[in-house]
Structure formats: structure tokens, C-alpha cells
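K.L.:
Using this note's numbering, the first residue of the sequence shown is number 9, and each one after it goes up by one.
Here's a structure for you.
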Amino acid sequence: MSNLGDVHPLLRAAGSLADRALGLTSPPVPYDRTRVHVPMPDGTVLVGTRYRPSRTDGPLPVVLIRVPYDPRSAGIVFAAPLARRGFQVVLQSTRGTFGSGGHFRPFTSEREDGLATVAWLRQQPWCDGRIATTGGSYLGYTQWAVAPYADPPLTAMSPHITAARMTDTFYAQGAPALLNALAWTAMIGTQERGGIPLLPHPIRAAKLGKALRRVPLQAADVEVAGAPVPYWRDFVEHAEPGDGYWDATYGESPAFDREGPGSLANMPPVSMVTGWWDLFVAEQMRDYRALRAAGVPARIVVGPWLHGALEEVRTSLRTDVAWLDHHLRGGPEPEGAPVRLFLQQADQWLEFEEWPPPATAREVHLQAAGRLGEEPGTGVSTYVYDPADPTPSIGGPLLQPPGEQIDQSPVEARADVLVFTGDPLPADLDVVGPVTAVVHVRPELDHADVFVRVCDVDERGVSRNVVDGIRRLDPRTVPAPDVTAGEDGVLAVGIELFPTAYRFRAGHRLRVQVAGGAFPRFARNVGTGEPFGVATRGKPGAVEVLHDAAHPSRIVLPVL
């Protein structure tokens with residue numbers, strides 16, 4: 009270990025200002041920083057920084073943060089604020105990043121490296137054996153990679169804006185999440201190259217936009233990062249049904265239905281923060297539900313935030329301080345119910361004992377002439393999806409702005425988007441929980457996507473997206489439990505939309521879009537079955553959407 013010296017007084021002052029901006033009001037504690045080098049079983053050495061409260065004797069618990077991004081930024085935003093609250097923190101660069109040895113191939117070595125790091129920490133005289141973890145996004149995944157396997161178990165865990173199996177989010181019910189995957193590829197592929205990440209935002213956005221539209225997509229990483237990026241190659245090459253690469257990469261992934269190492273039975277108490285517009289929120293809510301079902305003490309806060317929004321970071325840090333204080337220092341137990349949700353459009357926080365909260369399932373049916381109603385309608389509506397002119401995506405849970413809620417008029421004006429609109433609501437409608445859809449379709453092609461989006465139409469007629477979901481239809485995976493075939497050849501397609509807590513105000517109208525894609529958020533379905541990374545040609549195809557009594561296409565809303 010090498011001492012990095014005292015923290016400069018100017019940095020201390022800046023830290024105090026940062027604490028106030030982050031909503032941390034307790035008096036700051038001075039701390040010292042020391043460089044640490046942690047050997048892995050294969051001889052690779054991972055580097056990190058140890059933050060320890062000054063003028064303390066004896067061993068202390070360790071808060072471990074494992075990060076693949078610039079440790080200077082992570083130190084300022086995550087490690088230093090916790091150190092100023094009196095916690096001993098170790099901030100470690102993951103394999104192949106920012107001075108750590110080896111090569112960075114996301115998701116492939118975090119369990120082994122994380123467990124080796126935990127074992128090394130417990131051998132140090134300055135660690136009392138208790139280890140907690142924290143961090144968001146990939147920093148959250150590094151916790152999930154370790155916590156089910158740690159022996160003895162970790163003391164506490166705080167994985168924010170993440171999921172136990174992050175890569176499941178990048179293949180949404182079979183459809184590759186192109187935009188988010190390539191945006192992340194651009195970031196991790198350039199973050200250590202001087203000057204490239206600092207290009208003006210419009211230039212970066214233009215490079216990304218051009219790469220998204222290239223055909224084939226296999227080498228899009230070279231366009232945005234200047235060189236092949238291992239994650240992108242894995243994402244493209246292992247997207248086909250039946251490919252077991254990601255399962256093998258995870259190894260014994262957290263098993264939600266059995267005992268022993270690698271199961272939720274080994275998990276410590278868990279505190280999580282996410283946002284309704286976060287790309288991982290659907291998976292994270294499933295993780296929370298699984299934790300509670302396994303008897304693991306767990307809490308979750310869900311706000312009206314995009315991935316990594318400032319208020320999300322503020323909330324994560326404030327909840328971390330209270331959570332770590334309780335589990336590492338015997339402080340008071342966090343107050344309130346374990347589930348805290350922001351009800352959008354009501355500017356109101358709700359608390360529940362469970363997720364999803366008790367609700368009434370309200371079915372809203374697609375009907376003829378673009379209507380929504382309480383009962384099944386009649387007839388058939390048809391759209392034609394053309395991969396050469398793919399239906400665009402606007403808004404939603406994105407890494408690359410603009411995300412969140414956006415006026416949908418450009419999409420709804422297209423001929424390849426079916427739009428169904430209800431009557432003005434007589435009273436506020438509070439939807440809290442997972443939203444689902446069942447759409448009865450007869451596609452012309454065996455390979456097709458069905459994208460469904462629920463929107464909120466205000467009194468002026470402006471339509472804004474609320475939740476959505478997609479299902480890729482492929483003869484290799486259909487029929488399936490969520491896609492059943494009738495004798496007439498019609499497929500009943502079940503689609504999991506994102507969860508939400510949202511108030512549709514009185515006087516507003518519900519609207520549902522049905523389309524054959526949402527590009528570039530999701531990779532276009534070329535209609536031929538050719539893998540999306542190597543496809544160069546597409547085939548247009550018509551899709552009939554049936555909405556009669558025998559084929560009741562509908563949205564199911566959990567209403568409080």
C-alpha cells in the first residue's frame with residue numbers, strides 16, 4: 009500500500025460543498041487515502057484507493073465499491089462522501105480498467121475478482137471482517153456478482169439502478185436493445201483515450217446516430233469507439249435464441265428458488281434505489297420481489313428519474329448513509345415502509361409493505377376505428393412494418409438523451425403505427441404496478457416484433473409515453489408460455505410493459521400504440537431470421553391486429 013497523503017484543504021472545502029449539493033448535512037469527518045493493490049488468483053493485480061477516517065485506531069468495517077469507470081469521478085461522487093460520513097471505503101477499479109491488470113470484458117470476471125477482493129480485505133488488519141457494498145448501474149452488478157456467493161455473507165448491500173442479470177435488459181423479450189447497448193459501448197470503448205470522451209456532445213451524438221443506421225451492425229463499435237469493443241461483439245454475436253453464452257458467463261447466477269451458495273438464501277440485507285425511467289427498473293423490481301419472497305430484508309425507493317439522474321444519485325447516497333449506519337454502526341433502522349414510490353403526475357410519494365401493492369386489474373380493450381373501451385371490439389386493424397424505414401422510437405428509458413416522456417405526435421402520424429384512444433377520464437386513474445398487454449396478431453412473416461406503448465393524452469391532445477414493451481416473434485421460440493397459437497393461426501402475444509406509478513388525470517385520455525418496432529431503441533427486425541448483427545437486407549411484412557370477442561386484444565392496468 010502507498011499513502012496518497014492528506015486530502016488538500018481545497019478539496020475538503022469542495023467536498024463540503026458537494027455534500028450540501030448531494031443533500032448530506034451531517035458534519036464531515038476528515039479522512040486519509042491509501043493506494044491498495046489486490047492480487048487475484050490468476051496473478052492479475054487490481055488497484056484501488058482506501059479511504060479511512062483520520063485519527064482512528066483498530067480495524068473497521070469496509071464499504072467496497074467496484075467500478076469500471078474513472079475512479080476520480082467515482083471517488084468524488086461516491087467514495088469521498090461516504091468517507092466524510094466516517095465510513096472506511098475501498099474503491100477498486102475492475103479488471104482491465106484505469107490501472108488494474110488484465111482486460112475488461114464486461115460481466116465475465118466480476119464474481120471471481122469480487123470474491124477474491126472480499127477475501128483479501130478480510131485478511132487486512134484494518135478490516136474487522138464486516139464488508140458492505142454499494143454503487144449503481146454496473147457498480148450494482150458487481151455487487152450481485154458477489155453477494156450470493158460470499159462466505160461468510162456480506163453485512164449489507166446497496167445495488168442501485170441495476171439488476172441481478174443486467175444483460176437480460178439488453179435483450180428485451182427477444183429484441184436487442186440496440187440504442188442503449190451501443191451508447192454504453194461508445195462510453196466504455198473511449199473512456200481511457202485522451203480527448204475522445206471530451207468531444208462536444210453533438211459530435212458524439214452524430215457518431216452514434218450514424219453507427220446505429222449502419223448495415224451490417226457488427227462493426228458499429230469501431231465507428232463509435234475507433235476500435236473493436238469486446239462487450240459489443242459479445243452483445244451482437246450472442247443474441248440468437250438458444251445461445252447459452254450469457255448463462256455460461258454468469259455461471260451459477262443468483263437462483264431464486266433454491267438453497268445454498270449462489271442463492272438468495274445467502275444474501276445480506278439489501279437497499280435499492282431506481283427510477284421509473286431507468287432502463288433496469290423492470291428487472292430491479294423483479295429482483296426486489298424475489299428478495300422479499302426469499303425472506304431477505306430489503307427496501308426500495310423508486311423516483312421519477314432517468315438512469316443516473318442527479319436526484320437519483322442524491323437519494324442513493326442519503327439512503328446509503330442511513331443503511332450503512334444501521335448495519336455497520338448500530339444506528340437507527342430506516343424509517344417508513346420498505347417500498348417507497350413516486351406517483352408521477354401527482355407529485356406524491358406513496359409507501360407500501362409489498363411490491364406490487366394490492367390493486368385491481370382493469371382491462372382496456374382495443375376496438376375498431378382506433379377506439380379504446382371496457383369491452384372487446386370488432387374487426388381487424390393492419391399495419392405494414394418495413395425494416396428499410398423502421399418505425400422510430402421517441403422517449404422512454406434510455407441511456408442516450410432524449411429519454412423519459414416526449415410528445416408522440418411524430419410517431420403517431422405514421423401509417424405503420426396503430427393508435428387506439430379512449431374517452432376522457434371522469435376521474436383520476438392511479439396505475440401502480442406492472443402493466444401487461446395481450447395482443448392478438450396474424451403476421452405475414454414468421455419473424456416480426458410487436459411493440460406496445462401506453463400514452464397519456466392531455467386536454468390539448470398532446471400524447472406522451474408512459475410505459476411500453478416489445479416481444480420478438482421467432483419460430484424458434486414461438487409458441488411459448490407468453491405466445492400461444494390459435495387454430496386460426498392467430499398468435500396471442502403477451503407483452504410485459506414497464507412497471508409504473510402514474511396518475512392519469514381526470515379529463516385526460518388513455519392511448520395505446522401498436523407497431524412493428526421502435527428503432528433505434530430496439531434493433532430492427534429484418535423479417536428474414538438473419539442475425540441482426542450481420543443482416544444487410546430486410547423484408548417488409550403486414551401484421552393484422554385482431555380485436556374482436558374471440559381475440560380480445562387488451563392492456564391490463566393495475567389500478568389502486
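Ideal Cβ positions, reconstructed from N, Cα and C, are used throughout, including at glycine.
Please read all numbers here as calculations on a predicted model, not as lab measurements.
1. Per the DSSP calculation, residue 527 is bridged to which residue(s)?
2. Measuring CB atoms only, is the region 295-306 touching the region 109-129, in the sense that at least three cross pairs come out at less than 8 Å?
3. Which of the three DSSP states, helix, strand or coil, is assigned to residue 98?
4. Buried or exposed: residue 408, going by 16 or more other Cβ atoms within 10 Å of its Cβ?
5. What residue range is occupied by the uninterrupted beta strand (DSSP E) comprising residue 552?
6. Tell me the rounded alpha-carbon separation between residue 465 and residue 378.
7. Taking only the alpha-carbon atoms, compute the straight-line gap between residue 570 and residue 136 and give it to the nearest angstrom.
8. Buried or exposed for residue 211, please, with buried defined as at least 16 other CB atoms from any protein chain shown within 10 angstroms of its CB.
9. According to DSSP, what are the bridge partners of residue 315?
10. Give me, in chain order, the residues of the same chain whose beta-carbon lies closer than 6 Å to that of residue 350; leave out the 5 immediate sequence neighbours on both sides.
11. CA-CA distance, residue 285 and residue 479?
12. Leaving out five residues before and five after residue 514 in sequence, what residues of the same chain have Cβ atoms less than 6 Å from its Cβ?
13. Here's a check: name, in chain order, each residue in its chain whose Cβ is nearer than 7 Å to the Cβ of residue 224, leaving out the five neighbours to either side.
14. Quickly, what does DSSP pair residue 426 with across the bridge? List them, please.
15. Are residue 232 and residue 194 touching if we call contact CB-CB under 7 Å?
16. Taking only three categories from DSSP, how would you classify residue 243?
17. Tell me whether residue 112 sits in a helix, a strand or coil according to DSSP, three-state version.
18. With a threshold of 16 other CB atoms inside 10 Å of the CB of residue 206, please say whether the residue is buried or exposed.
19. Just verifying my parser: in three-state terms, what is the DSSP assignment at residue 152?
20. What beta strand (DSSP E) runs, 3 residues minimum, are completely inside the region 49-109?
21. Could you check the C-alpha separation between residue 227 and residue 530 for me, to the nearest Å?
22. What is the rounded straight-line gap between the Cα of residue 461 and the Cα of residue 492?
23. Check residue 334 in the structure and name its three-state DSSP category.
24. Taking the alpha carbon of residue 404 as the point to measure from, which residue in 565, 315, 387 and 360 has its own alpha carbon closest?
25. Start and end of the alpha helix (DSSP H) containing residue 192?
26. Please report the distance separating the alpha-carbon of residue 400 from that of residue 520.
27. Hey, how far is the Cα of residue 167 from the Cα of residue 327?
28. Using 8 Å as the threshold, is the region 419-434 in touch with the region 386-401, meaning 3 or more CB pairs across them?
29. Let me know if residue 53 comes out buried or exposed under the rule of 16 or more other beta-carbons within 10 Å of its beta-carbon.
30. Would you call the region 130-146 in contact with the region 239-255, where contact means no fewer than 3 C-beta pairs closer than 8 Å?
31. Flag this pair as yes or no: are the beta carbons of residue 320 and residue 345 separated by less than 7 Å?
32. Please name the residue or residues paired with residue 356 in a DSSP beta bridge.
33. What residues in its chain sit with their C-beta under 8 Å from that of residue 339, if we drop five residues either side in the sequence?
34. Going by beta carbon distance, what residues of the same chain come within less than 6 Å of residue 452, once the five residues before and after it are set aside?
35. List the residues that DSSP assigns as beta-bridge partners of residue 493.
36. Within a Cβ cutoff of 6 Å, which residues of the same chain sit near residue 547, ignoring the five residues on either side of it in sequence?
P.N.:
Reading from the atomic positions:
1. Taking the sequence shown and counting its residues from 1, the one referred to as residue 527 is at position 519. Per DSSP, 400.
2. no
3. On the sequence shown, residue 98 is found 90 positions in, with the first residue counted as 1. Looking at residue 98 - three-state DSSP - the assignment turns out to be strand.
4. For the purposes of this step, residue 408 is identified with residue 400 of the sequence shown, where counting begins at 1. By the 10 Å Cβ count, residue 408 comes out buried.
5. Residue mapping note: residue 552 aligns to position 544 of the sequence shown, counting from 1. Residues 549-554.
6. Walking along the sequence shown from the start, residue 465 turns up at place 457. Walking along the sequence shown from the start, residue 378 turns up at place 370. Residue 465 and residue 378: Cα-Cα distance of roughly 14 Å.
7. This structure gives no information on residue 570, because the portion of the chain shown stretches from 9 to 568.
8. As a position in the sequence shown, residue 211 is number 203, starting the count at 1. Flag for residue 211 reads exposed.
9. Taking the first residue of the sequence shown as 1, we reach residue 315 at position 307. Answer by DSSP bridge pairing: none, since residue 315 is not bridged.
10. One-based indexing of the sequence shown puts residue 350 at position 342. Around residue 350: 311, 312 and 357.
11. To locate residue 285, count along the sequence shown from 1; it is residue 277. To locate residue 479, count along the sequence shown from 1; it is residue 471. For residue 285 and residue 479, the distance between alpha carbons rounds to 19 Å.
12. Residue mapping note: residue 514 aligns to position 506 of the sequence shown, counting from 1. Cβ within range, chain order: 433, 435 and 436.
13. In the sequence shown, residue 224 corresponds to position 216, counting from 1. Same-chain partners within the cutoff: 541, 542, 543 and 544.
14. The residue labelled residue 426 in the question sits at position 418 within the sequence shown. Residue 426 pairs with 522.
15. Start at 1 with the first residue of the sequence shown, and residue 232 comes out as number 224. Start at 1 with the first residue of the sequence shown, and residue 194 comes out as number 186. Yes, Cβ-Cβ distance for residue 232 and residue 194 is below 7 Å.
16. The residue given as residue 243 occupies position 235 in the sequence shown. Here residue 243 sits in helix by DSSP.
17. Taking the sequence shown and counting its residues from 1, one reaches residue 112 at position 104. In this structure, residue 112 counts as coil in the three-state DSSP scheme.
18. The residue you call residue 206 lines up with position 198 of the sequence shown. Model confidence at residue 206 stands at a pLDDT of 46, short of 50, so the residue's coordinates are unreliable and nothing is read from them.
19. In the sequence shown, counting from the first residue as 1, residue 152 sits at position 144. The answer is helix: DSSP assigns residue 152 an H, G or I state.
20. 53-61, 68-75 and 97-101
21. Taking the first residue of the sequence shown as position 1, residue 227 is located at position 219. Taking the first residue of the sequence shown as position 1, residue 530 is located at position 522. Cα to Cα, the separation comes out at about 17 Å.
22. In the sequence shown, the residue the question calls residue 461 occupies position 453. In the sequence shown, the residue the question calls residue 492 occupies position 484. In a straight line, the C-alpha of residue 461 is about 21 Å away from that of residue 492.
23. By one-based count along the sequence shown, residue 334 stands at place 326. Helix.
24. Residue mapping note: residue 404 aligns to position 396 of the sequence shown, counting from 1. Comparing Cα-Cα distances from residue 404 to each of 565, 315, 387 and 360, the minimum goes to 315.
25. Position 184 of the sequence shown holds residue 192. Counting along the chain, the alpha helix (DSSP H) containing residue 192 begins and ends at 186-198.
26. Here residue 400 refers to the residue found at position 392 when the sequence shown is read from its first residue. Here residue 520 refers to the residue found at position 512 when the sequence shown is read from its first residue. Roughly 16 Å separates the two Cα atoms.
27. By one-based count along the sequence shown, residue 167 stands at place 159. By one-based count along the sequence shown, residue 327 stands at place 319. The alpha-carbon atoms of residue 167 and residue 327 are separated by roughly 11 Å.
28. yes
29. Counting from one through the sequence shown, the residue named residue 53 turns up at place 45. By the neighbour-count rule (16 or more Cβ atoms within 10 Å), residue 53 is not buried but exposed.
30. no
31. If you number the sequence shown from 1, residue 320 lands on position 312. If you number the sequence shown from 1, residue 345 lands on position 337. No, the pair does not count as a contact, with Cβ atoms beyond the cut-off.
32. One-based indexing of the sequence shown puts residue 356 at position 348. Its beta-bridge partners are 351.
33. For the purposes of this step, residue 339 is taken as residue 331 along the sequence shown, with counting starting at 1. Cβ within range, chain order: 330 and 333.
34. As a first step, residue 452 must be located in the sequence shown, where it is residue number 444. Excluding sequence neighbours, residue 452 sits near 549 and 550.
35. Translated into positions along the sequence shown, residue 493 becomes position 485. DSSP lists 499 as partners of residue 493.
36. Taking the sequence shown and counting its residues from 1, one reaches residue 547 at position 539. So the qualifying residues of the chain are 535 and 536.
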